[in-house]
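Please read the structure below before turning to the comments.
Chains as they are written, first to last, in the working numbering: chain A, -17 to 323; chain B, 76 to 487.
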């Protein structure tokens, strides 16, 4: 719970004047009650589940408690001892971090660049362009994943058709472009070590393309808002001081973009880290689990493997990974610093 | 309280990715006036006994195929409803990929439909989890016209766990306009590929299981231990790699292969009777034959049994009577005529040539095992097949690795 700090007063609401404190508690109680039922209690129960060999039969009325296995589920996960093909826990964590980082970096850079372009003085139809580029965001995720999967289809996909057309101009046979984007498991960059190539399957780039198409517009919206809040006088003053275009961008634009973009980048990182629908519906986690994300793996542990206790332990681990990421990024960016600091 | 928490936690684990496709059914408690049904003669929706009364919920997956199964089901339901005016049947279609998990979760939580018609894919698991009710031996005794194959496929450890409706196995579809004589052997299939016949196969263990028998391979011994590494299966995998090398299309997405056959880009595929309606409509000169035999003998696709499962949480007596009405000889005839089902009732003859071919495929198939060890088959052998076809891995090593992983997971 975030402390409510009022300038000139002590920080803790507990020491508010009595009537105010009671009122605050009264207002918070309903929300806390609902959160307790739908969030905190299931979380606590799931944590308990993670120490048991929970099975579907344990849901039945009057069913005996599941066997207590202590840290057994956690140990099996870390040791990749689940009897599931292509399950490598540490690799999945690294891939998931790499996936989120690569996406956010591209989204932010592209979003800012396009926002800058659309902020150019004299550009016509600005409102139209801004409305147009937000379109991908309003399309349902399952549609996005299905369309992109079809576009990357080996035989009938638009991407291979396009490449074949371009190749045709250079007399390259069309068969050359029967690329199996989502299932090719060979090394994309033969000059890199196999350990690095493992995290760079062709499917990764197909997913990256789809998520870039989906992800940059909102970054551009946020950047556009920040850009429009920069007073024009600052640029005029910088010009008077002899600043060039790069110096104005670095010392004025970036400075004003930072408070808006960094919190959004953190948010984007967490959202991308947990992005379910592309990996699940587009690549299916393939080839050989190399684009599997922690969130899709957790789903499969329940839905396909029916390993409820293991899935609970997996989700707890995911929670702590995300908690660590959030704390680190918050620390770095001071994104959630209170106004009174 | 712990059940509530368990349900909440399981729902949390399922997260948002499990689509909610149904209202929560509310089976009438056994013995309640609402559910008091009067038994009707087996398999007769309009039998001579008192009509059925009460309310049941039925889940099915019949929109997943060509749509003809849904047409047949609706026709049968109309017939049963008109014969039993006091009976309300609420029908809900659930996507095939979701149906077993949805059923498990809801029934384990005390809800779920009264009955569900599905293949016997998870019959053993559902039985072990006590999520389906055994069929009353008195009812079983009335199923005298049901074939032994269908009855065996509906039993787990000798106990009848579903009312059988039809039998299913995959066979070879061919476009008669492009293929004059369908291949009868694996060598002929390779020769057809060399002669520019386009062949497409779903890249998965279910659709390709039949090749195992064609090369003399076996999955498990009597104890449930994987013995696929003892010869035959690796040869089947090598044959599939040969097919791919010769130009066959392998795609893990079922719809891509099915649509390829419909649009004429594939001349030969392997698929089941549930899709026949769509192929007959799209490919005027479609034909069906058994999967090609190989050096080890005839192909042995997995033979499954579609049947009605009864939810133990509801009025099992009424649900059983409704299931019997929905699997009456008349009902099975409707499914055979409209949806190319191979009836479980041996007195019904499917006279369509396509159905007859599927009937032969069913008869020569390998009854789907219901033991717990099968749970660790699919993932490991799908992975082995992918390794052989996608990375050129050695079939013998891939099969040995999959078999070892399966045995390790099963404690064998």
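A virtual CB, placed ideally from N, CA and C, is assigned to each residue, including glycine.
- Residue 457 of chain B and residue 245 of chain B have their alpha carbons spaced roughly 17 Å apart.
- Contact of residue 204 of chain B with chain A by beta-carbon distance below 8 Å involves 37, 38 and 39.
- Using a Cβ-Cβ cut-off of 9 Å, residue 199 of chain B is close to nothing in chain A; its nearest Cβ partner there is about 13 Å away.
- At the C-beta level, residue 247 of chain B and residue 365 of chain B come within 9 Å of one another.
- At a cut-off of 9 Å between beta carbons, residue 466 of chain B contacts chain A.
- Counting only Cβ-Cβ distances below 8 Å, residue 480 of chain B has contacts in chain A at 65 and 67, in chain order.
- Pairing residue 239 of chain A with residue 89 of chain A, the inter-Cα distance amounts to about 14 Å.
- For residue 135 of chain B, the enclosing beta strand (DSSP E) stretches over residues 129 to 135.
- For residue 269 of chain A, the nearest beta carbon of chain B is closer than 9 Å to its own beta carbon.
- The Cβ-Cβ distance between residue 401 of chain B and residue 155 of chain B falls below 9 Å.
- Per DSSP, the continuous alpha helix (DSSP H) segment holding residue 157 of chain B begins and ends at 143 to 158.
- Close CB contacts of residue 480 of chain B within its chain, under the 6 Å cut and outside five residues either way in sequence, are with 455 (chain order).
- Counting only residues of its own chain and dropping the five nearest sequence neighbours on each side, residue 227 of chain B has a CB closer than 7 Å to the CB of 442.
- By the 16-neighbour rule on beta-carbons within 10 angstroms, residue 147 of chain A is exposed.
- Inside the stretch 175 to 229 of chain A, DSSP marks whole alpha helix (DSSP H) runs of 4 or more residues at positions 176 to 179, 184 to 210 and 214 to 222, from first to last along the chain.
- Within the stretch 140 to 167 of chain A, 162, 165, 166 and 167 place their CB atoms closer than 9 Å to a CB of chain B, listed in sequence order.
- In the DSSP assignment, residue 168 of chain B forms a beta bridge with B:135.
- The beta-bridge partner set that DSSP reports for residue 346 of chain B consists of B:246.
- When the beta-carbon positions are compared, residue 210 of chain A and residue 220 of chain A stay at least 9 Å from each other.
- Ranked by Cα distance from residue 335 of chain B, the first of A:247, A:110, A:314 and A:137 is A:137.
- If you look at residue 325 of chain B, you'll find it in the beta strand (DSSP E) that goes 324 to 326.
- With a 10 Å radius around the Cβ and a threshold of 16 neighbouring Cβ atoms, residue 295 of chain A comes out buried.
- Where residue 481 of chain B is concerned, the enclosing alpha helix (DSSP H) starts and stops at 470 to 484.
- Put simply, the CB of residue 250 of chain A is far from chain B, with every gap to its CB atoms at 9 Å or more.
- Assignment of residue 191 of chain B by DSSP, reduced to helix, strand and coil, places it in the strand class.
- Residue contact with chain A for residue 483 of chain B: present (Cβ-Cβ distance below 9 Å to some residue of chain A).
- Cβ proximity to chain A below 7 Å picks out 451 and 454 from the stretch 423 to 454 of chain B.
- Judged by DSSP secondary structure, residue 385 of chain B falls within the beta strand (DSSP E) whose first and last residues are 377 to 385.
- Runs of the beta strand (DSSP E) spanning 3 or more residues and lying entirely within the stretch 262 to 298 of chain B occur at 274 to 277, in chain order.
- For the stretch 157 to 180 of chain B, the set of positions with a beta-carbon nearer than 7 Å to some beta-carbon of chain A reads 176 and 179 in chain order.
- Chain-order list of chain A residues neighbouring residue 250 of chain B: empty, with the shortest C-beta distance near 17 Å, by a criterion of under 9 Å.
- Residue environment: residue 60 of chain A is assigned as exposed (fewer than 16 neighbouring CB atoms within 10 Å of its CB, all protein chains considered).
- It is roughly 46 Å from the alpha-carbon of residue 291 of chain A to the alpha-carbon of residue 113 of chain A.
- The beta-bridge partner set that DSSP reports for residue 234 of chain B consists of B:231.
- The Cβ of residue 197 of chain A sits no closer than 9 Å to any Cβ of chain B.
- Chain-order list of chain A residues neighbouring residue 458 of chain B: 67, 68 and 270, by C-beta distance under 8 Å.
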